[in-house]
Each structure stands twice: as structure tokens, then as C-alpha cells.
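Below: one structure, written as C-alpha cells.
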Amino acid sequence: MSQSNSEYIGYEKIVKKALGGKELVDKRRSVKDRNKQLYFKLVSLEIIRKINDHVRIKFSGKIQSDQKDEFIKMADSETTIEFDYQDDQGNEKALFRGIVANIEVKLNAQDILEIEGVSHTYLLDQELKSRSFPDNTVKYSQLIENILAEYKGAGYGDIVTNGTPLSEFILQYRETDWEFLKRLASHFKTGLVATAEINKPHFYFGIPDQNLITLTDSMPNSEIGSEDNERILQLKRTTIDCRCIDGKYIGKYGKKEILSYELRTYRVLNIGDTIQIRKWTKSIPLKKNTAPDTFSDIQELTFYVYESKAVMEKSRFSFYYQLVFEEELSMDLLSNQQITGLSLEGTVIGREKDYIRVHLQIDKDYEKEHKVKNNAIQKGALFPYVTPYTAEGNTGWYCMPEEGDMVNLYFPSHNETSGIISSSIRRQTQDSDKITDPAVKYFRHKNTEVRFSENHILITLNQYDEKNKTDVALVSIELDEAAGLKIFGQKDVKITAGNDIVIQSTNGAVKISAGSLIDMTCQNSGISMNGTTQLKGKEIKHN
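In C-alpha cells form, the structure reads like this:
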């Protein structure tokens with residue numbers, strides 16, 4: 091809410107109640123008027139606001155029996171709820187705008203309708219989505235705007251990002267946009283604050299510091315001002331679970347204990363408002379680890395509104411606020427536990443040293459399903475590639491997948507930045523005789539191949555024949571248990587050694603053949619054969 095701090099809201103100031111576009115009135119109307127109005131006499135009303143939660147409303151009232159079916163038909167998330175009130179200057183202001191979460195009719199002597207509703211931010215909390223944001227130069231504000239672009243009219247107030255870039259790989263996996271945004275906010279040790287004054291999803295990314303309120307001459311469990319009947323009701327320690335209800339997220343420690351004071355007042359305050367309480371006549375514990383019976387003299391304490399609950403009491407709203415010290419507003423880092431042990435398929439789109447840049451399949455699926463183009467996923471993220479063996483220095487194995495290959499991105503922990511490329515995936519798009527025999531192993535590159543079978547090793551350098559659609563060997567080395575060693579080359583074959591070259595046949599012959607010339611030289615001696623045989627040397631001996 092953004093109302094003035096001095097005003098209060100009474101039942102008589104609520105000037106409009108509407109459900110599903112129909113006005114709720116507390117006077118019985120004729121059949122003609124019922125097309126646009128429904129009889130509803132308000133009995134109770136409660137509005138709750140919390141950090142990282144939607145604004146929630148619960149209200150009940152008396153209805154006419156013949157209209158109960160009309161109310162029941164409105165029990166869906168497309169039915170809107172509107173409450174307006176009149177301020178001290180007579181201006182109408184929005185008290186709540188949202189959608190129906192649940193409707194229940196209690197049939198008794200007086201038909202009572204109970205309705206639960208939530209702010210329009212609930213629309214961000216409906217669909218589980220999976221996508222990545224690997225471009226770490228993108229700013230948080232750009233990413234948030236990218237998310238909200240899918241919700242017509244959605245908006246937010248940026249409190250904390252201040253142009254900060256992502257700086258690391260970000261993954262949204264089986265999370266609603268609301269859950270994902272809460273995780274992003276925790277990167278800044280803060281949360282989301284939903285608003286409910288407009289008919290569109292709107293929230294603050296961070297806790298807004300809107301107003302400063304000073305309360306004086308007070309003590310615990312005593313009235314602060316007799317006119318407004320403001321009262322610090324109690325000091326309490328509350329243990330909150332840092333995980334979401336569904337258990338998907340967990341904070342650094344799992345649970346968190348906070349020390350809070352409960353303030354009752356008729357004033358309208360906002361989450362994040364600063365409350366200064368001065369001139370306490372009795373002292374209270376200053377810190378969480380201070381025992382309740384330990385006292386200190388205090389002139390002034392500064393609190394912040396952490397939660398609020400507005401309740402209609404005696405035809406007037408009473409507001410109950412949880413006040414905490416500043417350090418209690420700091421949120422633990424949230425993580426997505428679902429990704430621990432997860433593998434995602436992706437396509438190699440780049441390589442740098444022993445890192446692979448990958449475009450994930452979930453991004454392609456997301457773009458296809460939602461008919462959007464996510465500009466933040468075009469560059470791809472770099473991840474280390476797992477190798478069978480590596481060591482510092484000159485030892486190890488270096489064998490990177492090719493661009494276009496399918497690979498697995500594996501997450502060993504709940505931290506998405508810990509992802510590694512664990513393996514490649516074969517996607518057989520056409521018939522191939524290379525994988526018909528499991529006993530034969532291949533190590534292949536684009537134009538080279540090493541083939542291992544039980545009694546045979548073949549190393550080839552190939553050239554692809556476009557006409558015959560097949561590989562043609564340019565050079566090959568073949569080792570066969572039966573046939574021995576064969577070296578083949580369509581061009582030159584050179585054997586060079588710094589020392590001796592020994593060609594020896596223990597039990598057979600050594601054969602050398604050529605089509606045009608055999609030429610052997612050593613210093614000034616030589617033998618040349620090209621149809622005739624020529625001997626050259628300083629001295630030639632023959633028997």
C-alpha cells in the first residue's frame with residue numbers, strides 16, 4: 091500500500107467491493123439489478139502481506155440463497171477481486187486488487203460465503219518452466235523484463251540491481267517465474283514484495299524503504315498513543331523455514347530464527363517502512379542473543395516492517411505488523427535442489443581450450459512452446475569438459491567434441507555454476523556400418539579414423555568422395571595378425587630416422603619394387619635402376 095501514514099480505514103470507508111466484475115452490495119436488490127450486482131454483507135476481512143509471497147486476502151459475508159450458484163461459478167483464477175476505500179480527503183483508492191483462489195459456501199441459517207484471493211502476482215506462479223540464461227553480460231534488470239514480457243501489463247520496481255550484470259550462468263529448471271525471481275532476488279540478499287493496488291502483476295525486486303515513522307513515549311505491552319491506541323503487543327522469536335512450501339528451495343542453513351516485535355496500530359504501513367521508537371520507559375533486549383530478562387537503557391530503536399496483517403475489528407481495520415532489526419531483512423541465498431544430479435542435453439556451438447560452449451535443448455523447447463525468442467540464450471555458456479585422464483604438465487588426454495555434437499551438461503550440486511560437460515551423445519541420423527559390430531571400436535575425427543578389432547588395427551586418412559558418397563583412403567597403416575603390416579599412400583611415403591633404419595626378414599625375402607625408378611645412395615656410392623642398372627662408387631668389387 092502507498093497510503094498516508096496518518097489515515098485509518100474503517101468499514102464505512104470501504105466504498106466498493108466487486109467480484110468477477112460484479113459489484114457486491116450490502117442491500118438486497120431487485121432481480122433487474124442482480125445482473126450487475128450481488129448481495130454480499132461483509133462480515134470479516136483480512137489482508138496479509140509477506141516478503142516473497144503474494145498478497146493474500148480472506149473475507150466472508152452473508153449472501154442470498156438464490157445467488158449462491160453465481161458465486162460458486164466464480165471459483166477460478168480468472169475471477170477478479172476489487173476492494174476500494176475512501177481516504178480522509180474523500181478520494182477513492184485501491185485497497186486490494188487480485189484474483190480468486192478459493193470460494194466456499196457454508197449453508198446454515200445464514201448463508202455465509204468465504205473467499206480467499208491472491209494478488210495478480212499469482213499469475214507468475216502457475217507454470218513450471220525450464221530455460222537457461224548463459225549470457226553473463228545481460229543485466230538482472232534485462233532478465234527480469236524478459237520474464238515479465240510474457241505477462242500483459244506486468245511491471246516491477248527495481249530496488250537493488252543498479253545495473254548489475256548476471257556475471258554467471260543462470261538456470262531456471264522446473265520453476266515458476268515467481269520462484270525463479272525469488273532466487274534471483276536472493277543473489278542480492280533480499281526478496282520480492284508483491285503489490286495489490288492494480289489489476290496487473292506488480293512487485294518490488296528488493297524491499298522498498300518508503301516511509302519513516304517515529305513513535306514516542308512507549309514501552310512493551312503498553313499504548314504508544316492513546317488516540318490511535320498503538321501498542322507493542324509482544325516480543326517473540328520466530329523460526330522460519332527458508333525453503334518454499336514445496337521443498338524445492340533451501341537457504342544456506344535451512345531454517346532461520348528471527349527476533350521480532352508485534353505492533354498493533356490503525357496506521358497503514360508498508361513492508362520495508364522504517365519505524366523509530368523513542369523514550370522507552372522500560373528496556374527490552376536489543377539483540378537476538380540477549381536473554382529476555384536482561385535489560386539495557388535505550389533512547390531509540392530502529393525497526394523495519396517485515397510482515398503485515400490487516401484485520402477488520404469492530405468495523406475498523408487493525409493492522410498487526412512484525413517489526414525486525416535491519417539485519418533480519420537480509421535473505422539467505424536460495425538454490426534449486428532439483429538440479430542436483432541433473433543432466434541436460436545440448437548442442438556444441440563453440441570450444442575454447444578445454445571448455446565447451448553449449449546451447450541447451452530446454453531452450454529450444456521453451457522457445458517452441460512459448461513462441462518467443464529469448465535473446466539471452468543465443469551466446470551459449472562455457473562449461474569444462476570432463477576428460478578420462480588429465481594431469482598437470484605434459485601428460486593427459488585432450489579430445490574435445492566437434493561443433494554440432496550433442497553433449498550432456500551435468501550438475502553435481504544445486505549450484506548451476508558447477509555444471510560440467512560429462513559426455514557426448516550419439517544421434518544417429520542415418521544408417522551407418524560403423525556401429526553394427528560392438529566388438530569393433532572406432533576413434534574418429536572428421537577425415538581421420540582409427541579402427542580397432544580383435545586381430546586388426548587400421549589407421550586411415552580419408553577424403554570424402556562427393557560423387558560416390560563414400561570415404562576414400564588417402565593414407566593408411568594396417569596391422570593385421572595374419573597379413574602383417576601394410577602402409578599405403580596415394581602420395582609420397584617417407585621414412586626418416588636420425589640413426590639406423592633396419593629392414594630385415596628373418597625367414598623370407600625383402601622385395602622392393604617401383605614403377606619407374608629405384609635409387610639408393612650412400613655418400614659417393616649408389617645404385618640406380620630404371621630399366622638398366624647403374625653402379626656408382628670410387629671402387630666397385632664383384633665376384
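Just so we're aligned, residue 91 is where the sequence shown starts under the working numbering, counting upward by one. Positions of the beta carbon are idealized from the N, C-alpha and C atoms, including for glycine.
Range of the contiguous alpha helix (DSSP H) that encloses residue i
{"i": "Asp-609", "result": "Element bounds for Asp-609: not the alpha helix (DSSP H) but the beta strand (DSSP E), 608-612."}
Extent of the continuous beta strand (DSSP E) to which residue i belongs
{"i": "Asp-363", "result": "No beta strand (DSSP E) contains Asp-363, which DSSP labels as neither H nor E."}
{"i": "Ile-237", "result": "Looking at the DSSP string, Ile-237 is not in any beta strand (DSSP E); the run it does join, the alpha helix (DSSP H), is 230-238."}
{"i": "Gly-245", "result": "245-248"}
{"i": "Ile-617", "result": "615-619"}
{"i": "Lys-196", "result": "182-196"}
{"i": "Arg-516", "result": "Premise fails: Arg-516 is in no beta strand (DSSP E) and is neither H nor E."}
{"i": "Thr-586", "result": "First-last for Thr-586: undefined, no H or E at that position."}
{"i": "Gly-207", "result": "202-209"}
{"i": "Leu-61", "result": "Within the shown structure, residues of the chain are numbered from 91 to 633, placing residue 61 beyond reach of any answer."}
{"i": "Val-497", "result": "496-501"}
{"i": "Ser-220", "result": "219-223"}
CB-CB length for residue i against residue j, believed under 8 Å
{"i": "Gly-362", "j": "Val-414", "result": "The pair is not a contact, with the Cβ atoms about 11 Å apart (cut-off 8 Å)."}
{"i": "Ser-618", "j": "Asp-609", "result": "5 Å"}
{"i": "Ile-446", "j": "Val-476", "result": "Incorrect: roughly 10 Å between the Cβ atoms, too far for contact."}
{"i": "Lys-279", "j": "Ser-420", "result": "5 Å"}
{"i": "Arg-221", "j": "Asp-453", "result": "6 Å"}
{"i": "Arg-354", "j": "Ser-408", "result": "6 Å"}
{"i": "Pro-650", "j": "Asp-444", "result": "The structure shown does not extend to residue 650, since the chain spans only 91 to 633, so no value can be given for it."}
{"i": "Asn-360", "j": "Asn-301", "result": "7 Å"}
{"i": "Leu-233", "j": "Leu-218", "result": "Leu-233 to Leu-218, Cβ: 18 Å. No contact."}
{"i": "Leu-214", "j": "Trp-268", "result": "4 Å"}
{"i": "Glu-390", "j": "Gln-366", "result": "6 Å"}
{"i": "Ile-141", "j": "Gly-188", "result": "About 18 Å; that fails the 8 Å criterion."}
{"i": "Gln-157", "j": "Leu-128", "result": "6 Å"}
{"i": "Ile-429", "j": "His-535", "result": "So it is not a contact: roughly 33 Å between Cβ atoms."}
{"i": "Phe-542", "j": "Lys-557", "result": "Contact flag wrong, Cβ pair sits at about 30 Å."}
Helix, strand or coil at residue i according to DSSP, with G and I counted as helix
{"i": "Gln-624", "result": "strand"}
{"i": "Arg-357", "result": "coil"}
{"i": "Gln-580", "result": "coil"}
{"i": "Asn-537", "result": "coil"}
{"i": "Glu-317", "result": "Since pLDDT at Glu-317 reaches only 42, below the 50 mark, its modelled position is unreliable, and the value read off the structure follows with that caveat. If DSSP states are grouped into helix, strand and coil, Glu-317 belongs with coil."}
{"i": "Ile-549", "result": "strand"}
{"i": "Lys-338", "result": "Caution is warranted here: a pLDDT of 42 is assigned to Lys-338, below 50, making its placement in the model unreliable, and the coordinate value is therefore given only provisionally. If DSSP states are grouped into helix, strand and coil, Lys-338 belongs with coil."}
{"i": "Ile-525", "result": "helix"}
{"i": "Ser-508", "result": "helix"}
{"i": "Leu-256", "result": "coil"}
{"i": "Glu-571", "result": "coil"}
{"i": "Lys-103", "result": "helix"}
{"i": "Tyr-212", "result": "helix"}
{"i": "Leu-413", "result": "strand"}
{"i": "Glu-352", "result": "strand"}
{"i": "Asn-311", "result": "Low confidence applies to Asn-311: its pLDDT is 43, below 50, so where it sits in the model is not reliable, and the reading given next is rough at best. Looking at Asn-311 - three-state DSSP - the assignment turns out to be coil, as it is neither helix nor strand."}
{"i": "Ala-381", "result": "Low per-residue confidence applies at Ala-381: pLDDT is 43, beneath 50, and the placement is therefore not dependable, though the value from the model is reported in the following sentence. The answer is coil: DSSP assigns Ala-381 none of H, G, I, E or B."}
{"i": "Ser-603", "result": "coil"}
The ligand SAH heavy atom lying under 6 Å from the CB of residue i
{"i": "Lys-140", "result": "Questions concerning the ligand SAH fall outside what the structure shown contains, since it holds no ligand whatsoever."}
Practice task
Just list the alpha helix (DSSP H) runs in the region 105-177, keeping only unbroken ones of 4 residues or longer that don't cross its boundaries, in chain order.
Solution key: 158-162
Problem - Meets three-Cβ-pair contact criterion under 8 Å: the region 188-202 and the region 238-254 - result: no
Problem - contact_flag[the region 287-295, the region 146-156] where n(CB pairs < 8 Å) is 3 or more - result: By the Cβ test, the region 287-295 is not in contact with the region 146-156, since fewer than three Cβ pairs between them sit closer than 8 Å.
Handout entry: Ordered list of alpha helix (DSSP H) runs contained in the region 258-309, each at least 4 residues
Key = For the region 258-309, the continuous alpha helix (DSSP H) assignments of 4+ residues that do not extend past its boundaries occur at 267-276, in sequence order.
Practice task
Return the chain-ordered ranges of every alpha helix (DSSP H) run that is complete within the region 423-478 and spans a minimum of 4 residues.
Solution key: At a cut-off of 4 residues, the continuous stretches assigned as alpha helix (DSSP H) that sit fully inside the region 423-478 are 451-460.
Handout entry: Cβ contact (3+ pairs, closer than 8 Å) linking the region 537-550 and the region 569-579
Key = yes
Exercise for the section: Say whether the region 391-399 touches the region 225-235, bearing in mind that this needs 3 or more beta-carbon pairs closer than 8 Å, one atom from each stretch. Expected result: no
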